[in-house]
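*Asks:*
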Amino acid sequence: MKLHYQIKILMTVLLFVFTINANGQSIQHKKLEYSPLGNLLQAEPSEFLSEVIEIPIKNPEPFIAIGLNATLSNENGNIHFYIRVSENGDSWNSWMLIENDIEVGKIDNKYFGTLAFFDKNSRFMQFRTNALSDLEDLTFNFISPGKTDKSTIEKRIAQSKLSKTLDGIERPEFVSRKDWGCPQDENVSSRSLTDVTHLIIHHSAGNTVSNDFAAVVLAYWSYHVNGNGWDDIGYNWLVDPNGVLYKGRAWKSATEENVRGAHNSGKNSNTSGICLIGNYMSAIPSDSGLNKLASISAFLSDKYGIDPVGESYHNAIGRTNDNITGHGQSGGGTACPGTQMINRMQSIRELTFSKIIDITAAPEVLLTYPNAEVDSAYLSKRISIKFSHPMNQTSVESAFSITPSAFGTTSWNSDGNIIYFQPSSTLAKQTNYSVKIGKSAMSNWDVPLTEDIELDFVTKTSDNLSLIVNYPQNNDVDIETDVTIMVQFDGYLNPSSLGGNVLFLDSEENPVEIRVTTGGYSDGIIEFEPTSPLEDNKLYSIILKDGISTTDGYSFGKIETINFTTRSITSVDDFNNPETYRLISAYPNPFNPTTILEYQLKQSSHVSIKVYDIIGNLITTLVNGNVKAGTYKISFDANSTTGGLPSGVYFSQIVTNTDVKTIKLLLTK
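Written out as structure tokens, the structure is:
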């Protein structure tokens, strides 16, 4: 049926205008509350057509985006809205379906239309709907985000490979909120954090008509904030078809990016939402877009310990789900991220996995037990070798041998990259053993080792927990009164075994009140300090009893006492006039990566200052020569060594003609 209508500016509206200047752009966001609803014309049974509405933004750039919000009197899943636009009011583009967007969560009797994008020359709009009898109010959002400075964005388009460091995968390059024009800050302290266990993939669903995708991102921000009333854009990350990554929702701080978004239909906890811009119900996603989507997924998976090709319990939806999945498959009740993306979801998972692990690279050994940091091995503890890749288990077991020969069983961890050898009976005491895995061993992708692996170790005299290092050492003198006590064993300590088995006593055998640091138990470290300074020139004792044990049942099996005496300095004069020297301080301490060591000499002396790791390996020599009387400062940079030093406890020792003193350094990265 042909309809007759006239073009007119709708007078029965309330107009709200938002104009924001950001990064040189002028964002225009105008809202029209359409009323009265009785103005709709009946086009056919149950189908009603609006008057022609003049778009209220003049000369939009680089497009005009239109969204709608409606309140309905009844819940009706069959309700629909369509929009079309025109440059002149005579010739119109095709009707576009505006779907109900339930990214934030389904709200009873509310219809949040997906954002639609139209050519910037569009001047008029019309809509039609079958919802007249259920429609209580209707608001349209018109958004002109303004052009983006392309020079800011184009430098991000080049595809860069993910960088891998000792600490994991580096975050791929991205466009900051400032660069895509967001009026809000990069980081907002009020954002709520969540424990990310699942990555949710979206498509934007809109008919993007512009290659200015930064403007598209800004339009979504304005629609989510000024249209829907949210705090911020709903997605954590967005990717455009050119493979450019955009930071979405603000982080809580520069180191707290695991903020809870608004993208998974109200089930946003434990997720990070990634949106590939475009509508992929039928359109094919670009290779560049999919590649960058997998890159940010790989970074997030590596950072939060997510297995990209695995599944786990998703607390927010109350069931086990794929760790990387589409919006509609994570409790969303929606067609997002579109049929073509859903069909490629397994490929996205595998591409993400391949970015974390280079499947073409030869496998390497990452960790072993026993290892080079421990001189001897337990007699009955299993041997373990961790590889960089999941391994072909048959090939590894065939290439495995131990000399002298020992019977045992092999097993693997669930990821298939750690082999365990459990001796059937205890190994021989004080014996040199050699474990070998030949280079015929291969990864799951049939890539062999580049060379044979050989692990040599010496077994202990008895099957018990061993003390590796301690500070202070037995009979040390001139120890600071605010000393931090540290002892390290060669096993994962059982915290419940420490009570009553670690004592700190003064010379009258009275307990000293201490403050304990518990974070080192997994590394075998017990660390504590007195709650108030110790007395000068007094004997103290640390007693380690036989009941100290590991989580797998190995005990210390003996009693060991470590005695030390505090410093003898008792006055300011003593401090200002040391007989030979005084190592005053290391500051800052803890440090990252540089600290300053300060020492003072009253008389000339040969001075040696060296830095050791926790098991006594020499890291570097800072000073070694004759030094005149005076006060000196020397810098120690933990990154100056090859590859940089890992976080941990280190010791600086100064040796003069007459004295030796050691202080603890704590490197925190």
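Read in order, the letters of the sequence shown are residues 1359 to 2027 in the numbering used here.
Glycine included, each C-beta is placed from N, C-alpha and C at the ideal position.
#1: Does the count of Cβ pairs from the stretch 1713-1727 and the stretch 1896-1905 closer than 8 Å reach three?
#2: Using the Cα positions of SER1502 and THR1472, report the straight-line distance between them to the nearest angstrom.
#3: What does a CB cutoff of less than 7 Å around SER1670 pick up in its chain, not counting 5 residues either side in sequence?
#4: Taking the CB atoms as reference points, tell me whether LEU1599 and GLY1631 lie closer together than 7 Å.
#5: Starting from the C-beta of LYS2022, find all residues in its chain whose C-beta is less than 7 Å away, skip the five residues before and the five after it, and write them out in chain order.
#6: If we require 3 or more residues per run, which beta strand (DSSP E) segments fall completely within the stretch 1704-1758?
#7: Based on Cα-Cα distance, which residue from LEU1980, TYR1970 and HIS1964 lies nearest to LEU1955?
#8: To the nearest angstrom, report how far apart ILE1977 and PHE1745 are at their CA atoms.
#9: In the structure shown, what three-state DSSP assignment does ALA1641 receive?
#10: For ILE1413, report the span of its beta strand (DSSP E) as first-last.
#11: Using beta-carbon positions only, say whether PHE1485 and ILE1441 come within less than 7 Å of one another.
#12: Please state whether DSSP places SER1792 in a helix, a strand or coil.
#13: Would TRP1595 be called buried (16 or more neighbouring beta carbons within 10 Å of its own) or exposed?
#14: Using DSSP with H/G/I as helix, E/B as strand and the rest coil, what is SER1623?
#15: Would you tell me roughly how many angstroms separate the C-alpha atoms of THR2020 and ASN1833, rounded to the nearest one?
#16: For GLY1686, which residues in the same chain have their Cβ closer than 8 Å to its Cβ, ignoring the five residues on either side in sequence?
#17: State the DSSP-derived secondary structure class of PRO1697, mapped to helix, strand or coil.
#18: Which residue from PHE1439, GLU1445 and SER1444 puts its Cα closest to that of MET1454?
#19: Please list, in chain order, all residues of the same chain as ALA1757 whose beta carbon is under 6 Å from its beta carbon, the five residues on each side excluded.
#20: If distances are taken between C-alpha atoms only, which option among GLY1915, MET1749, ASN1775 and SER1742 comes closest to SER1824?
#21: If you follow the alpha helix (DSSP H) that TRP1579 is part of, which residue opens it and which one closes it?
#22: From THR1928 to PHE1886, what does the alpha carbon distance come to, in whole angstroms?
#23: State the Cα-Cα distance for the pair THR1789 and ASN1852, rounded to the nearest angstrom.
#24: So, are the CB atoms of ALA1656 and ILE1527 less than 7 Å apart?
#25: Evaluate PHE1476 with the Cβ neighbour count: other Cβ atoms within 10 Å of its Cβ, from every protein chain shown; 16 or more gives buried, anything less gives exposed.
#26: Less than 7 Å between the beta carbons of ASP1821 and LEU1892, yes or no?
#27: Measuring straight from C-alpha to C-alpha, what distance separates THR1768 and SER1865?
#28: Apart from the five residues just before and just after ILE1837, which ones in its own chain have a Cβ nearer than 6 Å to its Cβ?
#29: Count the other CB atoms, across all protein chains shown, that sit within 10 Å of the CB of ALA1987; report buried if there are 16 or more and exposed otherwise.
#30: Measuring only the C-alpha atoms, how far is LYS1388 from VAL1410?
#31: Measure the beta-carbon distance from LYS1779 to ILE1741 and round it to whole angstroms, keeping in mind my assumption that it falls under 8 Å.
#32: Express the C-alpha separation of PRO2004 and GLU1457 in angstroms, rounding to a whole number.
#33: Does the Cβ-Cβ distance between TRP1538 and TYR1581 come in under 7 Å?
*Replies:* Quick look at the numbers:
#1: Under the three-pair Cβ rule at 8 Å, the stretch 1713-1727 does not count as touching the stretch 1896-1905.
#2: Distance from the CA of SER1502 to the CA of THR1472, rounded to the nearest whole angstrom, comes to 16 Å.
#3: Excluding sequence neighbours, SER1670 sits near THR1555, THR1678 and ASN1681.
#4: Position check: residue 1599 holds Pro in this sequence, whereas Leu was assumed. No, Cβ-Cβ distance for PRO1599 and GLY1631 is not below 7 Å.
#5: Once the five neighbours on either side are set aside, the close Cβ partners of LYS2022 are TYR1829, THR1842, MET1844, VAL2007 and PHE2009.
#6: Taken in chain order, the complete beta strand (DSSP E) segments of 3 or more residues contained in the stretch 1704-1758 are 1723-1727 and 1741-1745.
#7: By alpha-carbon distance to LEU1955, the top candidate from LEU1980, TYR1970 and HIS1964 is LEU1980.
#8: ILE1977 and PHE1745: Cα-Cα distance of roughly 27 Å.
#9: Assigned with DSSP and collapsed to three states, ALA1641 falls in coil, not helix or strand.
#10: Here ILE1413 belongs to no beta strand (DSSP E), and DSSP marks it neither H nor E.
#11: Yes, the Cβ-Cβ distance between PHE1485 and ILE1441 is below 7 Å.
#12: Per DSSP, reduced to three states, the secondary structure at SER1792 is strand.
#13: Label assigned to TRP1595: buried.
#14: Assignment of SER1623 by DSSP, reduced to helix, strand and coil, places it in the coil class.
#15: Rounded to whole angstroms, THR2020 to ASN1833 spans 13 Å at the Cα level.
#16: For GLY1686, where only same-chain residues beyond five positions count, the Cβ hits under 8 Å are THR1692, ALA1693, CYS1694, PRO1695 and ILE1700.
#17: The amino acid occupying residue 1697 in the given sequence is Thr; Pro does not appear at that position. In this structure, THR1697 counts as helix in the three-state DSSP scheme.
#18: For MET1454, the nearest C-alpha among the options comes from PHE1439.
#19: Around ALA1757, the same chain offers ILE1795, GLY1796, SER1798 and ALA1799 as residues with beta carbons nearer than 6 Å, after the five sequence neighbours per side are excluded.
#20: With respect to the C-alpha of SER1824, the residue from GLY1915, MET1749, ASN1775 and SER1742 having the closest C-alpha is GLY1915.
#21: TRP1579: member of the alpha helix (DSSP H) spanning 1571-1580, first to last residue.
#22: Reliability of the predicted coordinates at THR1928 is poor, the pLDDT of 43 falling under 50, and the value obtained from them is presented with this limitation in mind. Rounded to the nearest angstrom, the two C-alpha atoms are 24 Å apart.
#23: Whole-angstrom Cα-Cα distance: 28 Å.
#24: Contact flag set, yes.
#25: So PHE1476 counts as buried.
#26: In this structure, ASP1821 keeps its C-beta atom at 7 Å or more from the C-beta atom of LEU1892.
#27: So the alpha carbons of these two residues sit roughly 51 Å apart.
#28: Closer than 6 Å at the Cβ level, and outside the excluded window around ILE1837, lie PRO1830, PHE1922 and THR1924.
#29: ALA1987 should be labelled exposed.
#30: One Cα belongs to LYS1388, the other to VAL1410, and the distance between them is close to 17 Å.
#31: According to the sequence displayed, residue 1779 carries Phe and not Lys. With a contact defined as Cβ atoms closer than 8 Å, PHE1779 and ILE1741 qualify at about 4 Å.
#32: Each residue's alpha carbon lies about 52 Å from the other.
#33: Cβ distance not < 7 Å, so TRP1538 and TYR1581 don't count as in contact.
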